[in-house]
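Since the structure comes first, as structure tokens, the remarks are kept for the end.
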Amino acid sequence: MPIKPKLISYKLCPYVQRAVIALIVKAIDYDIEYIDLARPPEWFLRISPFKKVPLLLVGEHVIFESAIINEYLDEAYPNRLHPADLLTRATHRGWIEFGNNCMPNAFQLTVKPTEQEFDDVLSDLQSKFDQLETVVDAAPYFSGADFSLVDASYAPLFQRLRYLDELRPGIFDRARHPKINRWSDQLLQLSAVQQSCVPDIKALYYEQLRKRQGFAAQFLPPLAAGVSVAKSVY
Numbered sequence: 068m069p070i071k072p073k074l075i076s077y078k079l080c081p082y083v084q085r086a087v088i089a090l091i092v093k094a095i096d097y098d099i100e101y102i103d104l105a106r107p108p109e110w111f112l113r114i115s116p117f118k119k120v121p122l123l124l125v126g127e128h129v130i131f132e133s134a135i136i137n138e139y140l141d142e143a144y145p146n147r148l149h150p151a152d153l154l155t156r157a158t159h160r161g162w163i164e165f166g167n168n169c170m171p172n173a174f175q176l177t178v179k180p181t182e183q184e185f186d187d188v189l190s191d192l193q194s195k196f197d198q199l200e201t202v203v204d205a206a207p208y209f210s211g212a213d214f215s216l217v218d219a220s221y222a223p224l225f226q227r228l229r230y231l232d233e234l235r236p237g238i239f240d241r242a243r244h245p246k247i248n249r250w251s252d253q254l255l256q257l258s259a260v261q262q263s264c265v266p267d268i269k270a271l272y273y274e275q276l277r278k279r280q281g282f283a284a285q286f287l288p289p290l291a292a293g294v295s296v297a298k299s300v301y
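The numbering of the sequence shown is the numbering used here, which starts it at 68 and goes up by one.
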């Protein structure tokens with residue numbers, strides 16, 4: 068019987084969410100433990116090379132970095148999410164890396180203090196989406212009918228951008244990127260994606276946005292009287 072893996076997580080981490088999506092889609096039995104990255108436990112600091120999540124614990128082995136974790140899960144368990152063809156698989160890996168380069172834009176949109184800086188980051192992200200649009204199949208997933216690790220990698224990014232778009236419309240440009248928008252809509256409706264995060268993820272995301280006090284935070288509704296922002300969100 069295979070060893071039950073355990074995922075070490077932070078409630079708002081999009082990289083952890085990628086691994087959870089893969090675990091759910093592949094129907095892998097797993098445990099998960101949430102930590103507070105503002106006050107990480109000593110045992111975590113000892114075993115995490117970069118002092119960040121996700122970590123996947125498999126017996127005595129510690130696997131780190133979300134793309135590597137998903138590669139391991141895909142190879143170790145049935146229901147492969149990577150395509151069988153070597154060249155297609157290599158192409159998918161490249162677009163997963165491309166998604167890694169989009170993720171900092173989503174973070175920067177939450178911290179940039181001025182509208183001009185916010186718009187500059189958004190312009191850079193949309194330029195990246197111009198490239199992505201040319202390769203997305205969106206029928207309904209990245210490369211067609213089959214869900215892949217590329218889909219698992221982009222879903223957390225799209226989720227967070229959707230939360231921002233609800234506050235300040237224009238993050239997603241449906242006319243400029245119709246295939247990305249169809250793809251995003253499909254991914255965010257999947258039960259595996261909806262189950263891959265804590266139930267109050269949206270509220271926690273907005274709370275974190277308020278704490279960062281960037282330009283986008285001004286679009287949040289005002290706090291009710293007597294309510295304060297928590298010191299840490301984990």
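For each residue, glycine too, the CB sits at the ideal point set by N, CA and C. Please read all numbers here as calculations on a predicted model, not as lab measurements.
- Selection Arg85, Leu255 and Leu79 evaluated against Ser220 yields Arg85 as nearest (Cα-Cα).
- In the three-state scheme derived from DSSP, where H, G and I count as helix and E and B as strand, Asp240 is classed as coil.
- Inclusion of Leu104 and Val87 in the CB contact set at 9 angstroms is not warranted, their separation being larger than that value.
- In the DSSP assignment, Lys278 falls within the alpha helix (DSSP H) that extends over Ile268 to Arg279.
- The secondary-structure analysis by DSSP pairs Phe131 across a beta bridge with Leu122.
- Here Gln275 is near Thr177, since their CB atoms are less than 9 angstroms apart.
- As DSSP reads the structure, Gly166 sits in no beta bridge.
- DSSP places Asp98 within a strand segment (E or B) once states are collapsed to three.
- Less than 9 angstroms divides the Cβ of Tyr82 from the Cβ of Val120.
- Following the DSSP letters along the chain, one finds Leu104 in no beta strand (DSSP E), marked with neither H nor E.
- Only exposed fits Gly126, as fewer than 16 other CB atoms lie within 10 angstroms of its CB.
- For the pair Gln183 and Gly281, the Cα-to-Cα distance works out to about 12 angstroms.
- Of the candidates Asp98, Pro289 and Leu189, Leu189 places its Cα closest to the Cα of Met170.
- Per DSSP, the continuous alpha helix (DSSP H) segment holding Lys195 begins and ends at Glu182 to Glu200.
- When secondary structure is reduced to three states using DSSP, Tyr144 falls in the coil class, being assigned neither helix nor strand.
- Residue state for Tyr77 is assigned as coil, using DSSP reduced to three classes.
- In the DSSP assignment, Ala259 falls within the alpha helix (DSSP H) that extends over Ser258 to Gln261.
- Lys78 has its alpha-carbon roughly 7 angstroms from the corresponding atom of Val265.
- Only exposed fits Asp152, as fewer than 16 other CB atoms lie within 10 angstroms of its CB.
- For Pro207, the CB contacts under 6 angstroms within the same chain, skipping 5 residues up- and downstream, are Gln253 in chain order.
- Contact fails between the region 135–153 and the region 230–237, because fewer than three Cβ pairs, one in each stretch, are under 8 angstroms apart.
- Looking only at Leu124, Tyr97, Glu109 and Ser133, the smallest Cα-Cα distance to Glu164 is reached by Ser133.
- Rounded to whole angstroms, the gap between the alpha carbons of Val92 and Leu255 is 14 angstroms.
- Taking the Cα of Val217 as reference, the smallest distance to any Cα among Ser258, Thr158 and Ser194 is reached at Thr158.
- Counting the other CB atoms within 10 Å of its CB gives Ala173 a total of 16 or more, which places it among the buried residues.
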